[in-house]
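Counting in my numbering, the first sequence runs from 1432 upward without gaps. Only one structure is covered here, and it is reproduced in the block below.
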Amino acid sequence: MIDIKLIRKDPQRFIKGAADKNFNVDIQRLLAIDGELRTHKNQLQKIATQKNKIGKSIPNLADDKKKAALARLGELKSEEGGLNDAIGALEPEFDSIMGQVPQPAADEVPLGQDDTENVELSKWGEIRQFDFEPKDHIQLGVDLGIIDVERGVKLAGTRNYFLKGDGALLHWAVLRFAMDHMLGKGYVPMSVPLLMRDEAMRGTGYFPGAEEQTYQMERDGLNLVGTAEVPLTAYHSGEMIAKERLPFKCVSLSTCFRREAGAAGKDTYGLYRIHQFDKVEQVIIAENDEQASKEFHKEILGNSESVMQAMGLPYRLVNVCTGDLGRGQVQKYDIEAWMPSRDSYGETHSASRFYEFQARRMNLRYKDGNQNRFCHTLNNTVIASPRVLIPLLELNQNADGTINIPQVLQPYIGGRDRIVKSS
RNA sequence: GGAGAGGUGACCGAGUGGCUUAAGGUAACGGUUUGCUAAACCGUCGUAUGGGUAAUGCCCGUACCGGGGGUUCGAAUCCCCCCCUCUCCGCCA
């Protein structure tokens, strides 16, 4: 949510901001309604002033004067009714448009239409050249007996899968390593509810917009979250946090659910785009300070980079362009890991900062002196699996079809250093 | 699922029609004093919004006691609907 006062002051900034992000929002209409509403509310206020004045004098009035006063009150009331009707007719549209105004991107965000125009900032690691014909992760997984997509589809439909034996162990190894990595940095571990009210979905900015991407439990009015960002960020929603408790840094391991509606035919092969996966997610709730937010943004990005580096996975860092940003994001960095079977980098992490966009929607505040201020929020993936298993399996395969396990993961998989076919 | 009790400011908590610009307390902030891992006393202290003004300050308004509607000249207080929380019972990993 954007402060309407900022929109009034500089509408051009928000018109351009929305256009850059490819959001279709009628700011002019918003301001027209805002103007009308303000005029009406102003009149309403004047009427209320008169009503209050007359109302207070009534007990001390003589009968004839009282009668006149009551008559006057009647007139004022009907005037008030007309104004209230006008306001009632305008407000829903106002609220609807307000909820859609995007947060303008930061100046350092490149202009662009979609992810093809994201700008590469840096690369880490050597891309492995194979001296044999490498298999993709599904071939490897099926041959080793650790990935079973067929039965996943049989039981749960397309984009579902089983991980089995060392496949399941490797999946959990990656998650546990990532979690331990974050605990060393002082993030508070959280186990969170995954069914969220609409309120939390709106507060984080997923609604309106992502309803189609969300499994909705209509009978209970709850939504399966697509990321632990929702419960973590909304944890203190509606509260006044003590300033000393900021920044609040937390991390959660959770399952994530995504309908992937509208992605029909896209990335259908393998474990890249699936309905259910597990993710370690980091969230920071901070004071309202843009410079500090940028610092925290670097911090959460660094946390994830060091996880990738520890596992030896080559990746590149991308500055996401305006057209590929979500409604609330000020700026977003993606980490994309090299995936041999795709012959390209594929997104594995997404680090966003929002300034007060989310906090304003969920009324998440702290006291700064005698002023109440909205917090700043940020989040980033620490690791998401099984997507990260794609590079992990493919890049560490041997000619005989076995997989080398990176050293940092070995403690989580029985101290073994490779995955071999089990009988 | 059944029954009951509740939702008041950062927090606790009083308040059944005008004296509520919400008592009292806690926390916070400023000060005085005594002295020392602090206490006592005094003072300040809700939010949002409109107008005025050079002003995030000050002045004048308006709204806000879970949300929405109603009764009334006047509602935290009475009525209706909804949401949420808690307790007990039932069921249950």
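For glycine and all other residues, C-beta sits at the position ideal for the given N, C-alpha and C.
Exercise. Roughly how many angstroms lie between the CA atoms of Leu1437 and Lys1508, to the nearest whole one?
Worked result: 34 Å
For this session: Ignore the nearest five residues each way along the sequence and tell me which others in Tyr1637's own chain have a CB closer than 6 Å to its CB.
Result: none
Problem set entry | Assigned secondary structure, His1807 (DSSP; H/G/I helix, E/B strand, else coil) | strand
For this session: Would you decide whether Thr1699 is buried or exposed? Buried here means 16 or more other CB atoms lie within 10 Å of its CB.
Result: exposed
Problem set entry | DSSP state of His1602 mapped onto helix, strand, coil | helix
For this session: Go ahead and pull the three-state DSSP assignment for Ile1850.
Result: strand
For this session: Can you tell me which of Glu1691, Ser1488, Ala1741 puts its alpha carbon nearest to the alpha carbon of Gly1556?
Result: Ala1741
For this session: Put Ser1527 into one of helix, strand or coil per three-state DSSP.
Result: helix
Exercise. Can you give the beta carbon distance from Glu1548 to Gly1845, rounded, assuming they're within the 8 Å contact cut?
Worked result: No, Glu1548 and Gly1845 are not in contact; Cβ-Cβ is about 45 Å, not under 8 Å.
Exercise. How would you write the range of the alpha helix (DSSP H) that Met1739 sits in, first residue to last?
Worked result: 1721-1741
Exercise. Does DSSP put Ser1509 in a helix, in a strand, or in coil?
Worked result: helix
Exercise. What's the C-alpha gap between Ser1527 and Ile1518?
Worked result: 14 Å
Exercise. Can you tell which of Gln1459, Phe1445, Gln1443, Leu1514 has the C-alpha that lies nearest to the C-alpha of Thr1470?
Worked result: Leu1514
Exercise. Can we say the region 1728-1738 touches the region 1601-1612, given the rule of at least three CB pairs closer than 8 Å?
Worked result: yes
For this session: Indicate whether Val1661 and Ala1631 have their beta-carbon atoms separated by less than 9 Å.
Result: yes
Problem set entry | Whether Phe1785 touches Val1761 by CB criterion (9 Å) | yes
Exercise. When the Cα of Ala1768 is compared with those of Tyr1592, Arg1559, Ile1435, Leu1655, which residue comes out closest?
Worked result: Arg1559
Exercise. With distances taken from CA atoms, which of Pro1837, Ile1850, Lys1852 is nearest Val1605?
Worked result: Pro1837
For this session: Quick one: grab the DSSP three-state call for Thr1779.
Result: strand
Problem set entry | Contact the region 1802-1816 vs the region 1699-1719: 3+ CB pairs below 8 Å | yes
Exercise. Going by the beta-carbon positions, is the gap between Arg1818 and Ile1705 smaller than 9 Å?
Worked result: yes
For this session: May I ask you to report which of helix, strand or coil DSSP gives Lys1452?
Result: coil
Exercise. Sorted by chain position, which residues of the same chain lie with C-beta nearer than 6 Å to Met1770's C-beta, five sequence neighbours on each side aside?
Worked result: Gly1777, Ile1821, Pro1822
Problem set entry | Among Glu1726, His1780, Glu1467, nearest to Leu1748 - alpha-carbon criterion | His1780
Exercise. Around the Cβ of Ser1853, are there at least 16 other Cβ atoms within 10 angstroms (buried) or fewer (exposed)?
Worked result: exposed
Exercise. What residue range is occupied by the uninterrupted beta strand (DSSP E) comprising Glu1712?
Worked result: 1707-1717
For this session: Whole angstroms is fine: what's the gap from Leu1571's alpha carbon to Phe1561's?
Result: 15 Å
Exercise. Under the three-state reduction of DSSP, which class applies to Ala1768: helix, strand or coil?
Worked result: strand
For this session: Could you please give the first and the last residue of the uninterrupted beta strand (DSSP E) stretch that includes Leu1684?
Result: 1679-1688
Exercise. Is the number of C-beta pairs between the region 1493-1505 and the region 1533-1546 that are closer than 8 Å three or more?
Worked result: no
For this session: Determine the contact status of Lys1595 and Gly1576, defining contact as a CB-CB distance below 9 Å.
Result: yes
For this session: Leaving out five residues on either side along the sequence, give the residues of the same chain with a beta carbon under 6 Å from the beta carbon of Asn1827.
Result: Ile1834, Asn1835
Problem set entry | Other residues of its chain near Gln1544: CB distance less than 6 Å, five sequence neighbours each side excluded | Gly1754
For this session: Give the secondary structure of Ile1836 by DSSP, where H, G and I count as helix, E and B as strand, and everything else as coil.
Result: coil
For this session: Pick out whichever of Gly1696, Thr1812, Ser1816, His1667 has its Cα sitting closest to the Cα of Arg1791.
Result: His1667
Problem set entry | Range covered by the beta strand (DSSP E) that runs through Pro1620 | 1619-1621
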